[in-house]
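Going by the numbering used here, the sequence shown opens with residue 11, and the numbers climb by one from there. The block underneath contains the structure these notes are about, expressed in structure tokens.
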Amino acid sequence: MELSQLTIAEARRALDSKEYSALELTDAYLEAIARKDAELHAYLEVWAESARAEARSADERIAAGSAQTLTGIPLAIKDNMLIEGRIASAASKMLEHYSASYDASVVRTLKDHGVVFLGRTNMDEFALGSSTENSAFGPTKNPHDASRIPGGTSGGSTAAVAAGLALGALGSDTGGSIRQPSAFCGVVGLKPTYGAVSRYGLIAAASSLDQIGTIGKNVDDAALLFGAIAGHDTKDGTSLREKGSGRTMKKKLGVPRAFLGAGMGIESDMKARFDETLTRLKGDGYTLVDVDLPSLAYALAAYYIINPAEVSTNLARFDGIRYGHSVQAETIHEVYTHSRAAFGPEVQRRILVGTFVLSSGYADAYYRKARAVRDLIRADLSKVLEEVDAIALPTSPVAPWKFGEKADPTAMYAADIFTVPVNLAGTPAISVPSGSVVRDGVKLPVGFQLIAGHGCEETLFSIGKDVEKGNSQ
Ligand code: GLN
């Protein structure tokens with residue numbers, strides 16, 4: 011078994027044809043994790059014993075001929091999704107010892123499939139960051155260059171898939187957290203349409219932006235995982251009823267050229283890789299059209315007001331009283347302040363900014379203004395997406411950086427420029443590896459991003475596969 015190359019689709023065939031058992035496959039992953047993860051730190055916890063037990067039941071199901079797509083497939087789960095009886099810490103000291111009392115809906119679905127859960131993966135604390143450096147338990151390394159970040163916040167999940175330490179993974183994407191680390195680790199990451207996958211049991215960061223999505227070695231694997239977890243869920247009030255949009259492809263891509271100019275902080279070779287992919291798609295019969303999306307210039311500012319606003323309200327529940335880290339003190343005020351000191355610096359920063367932009371006297375100037383910009387972005391994108399199948403953008407303006415290089419938080423925020431508009435609009439988007447750049451003599455992967463209209467994941471898969479084809483040429 012060559013785990014670093016193996017795909018879910020191939021493993022499915024091998025398991026069904028009894029080439030190897032789910033237990034053998036699981037053992038191979040556990041062995042690879044034992045060998046490589048001390049260095050990489052993709053996992054916060056590995057569940058070897060229960061993974062083997064799940065693999066044995068999967069083998070029984072396969073033998074009985076009742077296997078589903080994901081039966082016996084070893085997956086990794088980001089540490090912000092609840093699994094009953096397991097710790098779900100969101101990589102925070104606040105929830106270091108918090109054991110989930112129920113399954114997230116996606117976990118329930120995967121359990122029904124008979125998936126093997128290898129462990130929970132590292133992330134930025136409460137899914138706030140872009141590098142996995144904000145984890146309270148130490149960062150994950152990029153499998154392509156251990157001196158560089160894997161991206162974030164789902165950096166543990168994407169590093170695990172890239173390094174052959176899981177066949178696929180779930181992540182969450184609030185402003186790019188699946189797409190950007192997927193790009194940085196050289197794997198495929200899908201951020202589905204808002205509401206296409208249930209958020210029930212996902213530890214909330216910014217509820218109107220958060221979306222669970224999938225990570226795989228190729229587009230087919232990301233699509234396969236999405237097919238398994240998508241669907242209506244009565245436990246999530248924002249869950250969509252309808253599935254897919256059934257639009258026919260025009261093979262037409264929109265490129266917001268003005269958004270890719272100087273001043274957006276895009277590195278020249280990153281831009282060159284993007285242009286090369288576009289040229290290749292054009293050669294494949296795609297029509298490229300320049301699209302005008304002036305509101306995108308304000309997406310980053312709007313996002314970094316709306317995200318902290320929602321984070322500050324969602325994280326108010328961690329007060330030292332109800333659950334999570336609690337410090338005993340003389341007064342209730344001291345209980346709050348001492349307990350909440352367990353939040354790391356970035357989380358505290360978001361709570362402060364969020365509380366400020368929501369405070370009376372400032373809410374009109376900041377929060378409501380940002381909401382108006384969000385409406386504009388959503389309207390602009392959906393208008394353009396009526397004309398084209400998808401909008402193409404780089405996933406990231408920059409290559410994976412060195413640890414500590416973006417210590418200034420606003421420098422880190424600026425790197426999210428091409429991913430945050432998608433979450434503001436609620437549309438689906440995918441990052442597919444396409445080409446590479448060299449930093450300090452090391453080849454690093456580059457991601458190509460496609461954004462489609464609401465419910466048009468199939469469009470992303472179809473164009474994504476065309477992008478992928480070029481990688482093997
Ligand atoms: N980097 C963005 C932020 O810090 C997005 C994070 C995410 O998608 N969870 O908010």
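All residues carry an ideal CB built from backbone N, CA and C; glycine is no exception.
Contact test: residue i Cβ vs the ligand GLN heavy atom, cutoff 8 Å
i: residue 426; result: yes
i: residue 205; result: no
i: residue 187; result: yes
i: residue 184; result: yes
i: residue 336; result: no
i: residue 417; result: no
i: residue 463; result: no
i: residue 430; result: yes
i: residue 11; result: no
i: residue 433; result: yes
i: residue 140; result: yes
i: residue 190; result: yes
i: residue 481; result: no
i: residue 163; result: yes
i: residue 134; result: yes
i: residue 215; result: yes
i: residue 193; result: no
i: residue 137; result: yes
i: residue 91; result: no
i: residue 422; result: yes
i: residue 372; result: no
i: residue 313; result: yes
i: residue 317; result: yes
Alpha carbon of residue i to alpha carbon of residue j, nearest angstrom
i: residue 443; j: residue 260; result: 23 Å
i: residue 220; j: residue 339; result: 34 Å
i: residue 373; j: residue 381; result: 10 Å
i: residue 165; j: residue 183; result: 11 Å
i: residue 459; j: residue 150; result: 23 Å
i: residue 345; j: residue 332; result: 12 Å
i: residue 420; j: residue 398; result: 33 Å
i: residue 445; j: residue 154; result: 14 Å
i: residue 271; j: residue 405; result: 15 Å
i: residue 341; j: residue 326; result: 18 Å
i: residue 251; j: residue 49; result: 43 Å
i: residue 301; j: residue 134; result: 34 Å
i: residue 425; j: residue 69; result: 44 Å
i: residue 450; j: residue 336; result: 45 Å
i: residue 477; j: residue 226; result: 15 Å
i: residue 417; j: residue 30; result: 47 Å
i: residue 47; j: residue 86; result: 13 Å
i: residue 289; j: residue 137; result: 35 Å
i: residue 179; j: residue 194; result: 15 Å
i: residue 56; j: residue 89; result: 11 Å
i: residue 74; j: residue 26; result: 11 Å
i: residue 467; j: residue 432; result: 13 Å
i: residue 188; j: residue 411; result: 17 Å
i: residue 480; j: residue 236; result: 23 Å
i: residue 465; j: residue 18; result: 24 Å
Proximity below 9 Å, CB of residue i to CB of residue j
i: residue 61; j: residue 40; result: yes
i: residue 144; j: residue 101; result: yes
i: residue 72; j: residue 32; result: yes
i: residue 185; j: residue 367; result: no
i: residue 148; j: residue 191; result: no
i: residue 403; j: residue 266; result: yes
i: residue 35; j: residue 24; result: yes
i: residue 440; j: residue 263; result: no
i: residue 384; j: residue 434; result: yes
i: residue 52; j: residue 132; result: yes
i: residue 269; j: residue 303; result: yes
i: residue 6; j: residue 123; result: The chain is shown from 11 up to 483; residue 6 falls before or after that span and cannot be answered.
i: residue 207; j: residue 196; result: no
i: residue 436; j: residue 388; result: yes
i: residue 248; j: residue 217; result: yes
i: residue 159; j: residue 274; result: no
i: residue 43; j: residue 120; result: no
> Does the stretch 386-399 touch the stretch 346-360, meaning 3 or more C-beta pairs lie closer than 8 Å?
Replying inline: No contact exists between the stretch 346-360 and the stretch 386-399.
> Are there three or more Cβ pairs, one per stretch, closer than 8 Å when the stretch 318-327 is compared with the stretch 360-367?
Replying inline: In short, these stretches touch, since the Cβ pair count reaches three.
> Counting pairs of Cβ atoms below 8 Å between the stretch 50-67 and the stretch 122-129, do you hit three or more?
Replying inline: Yes: at least three Cβ pairs fall under 8 Å.
> Counting pairs of beta carbons, one from the stretch 207-217 and one from the stretch 170-177, are three or more of them closer than 8 Å?
Replying inline: Counting Cβ pairs under 8 Å, fewer than three are found: no touch.
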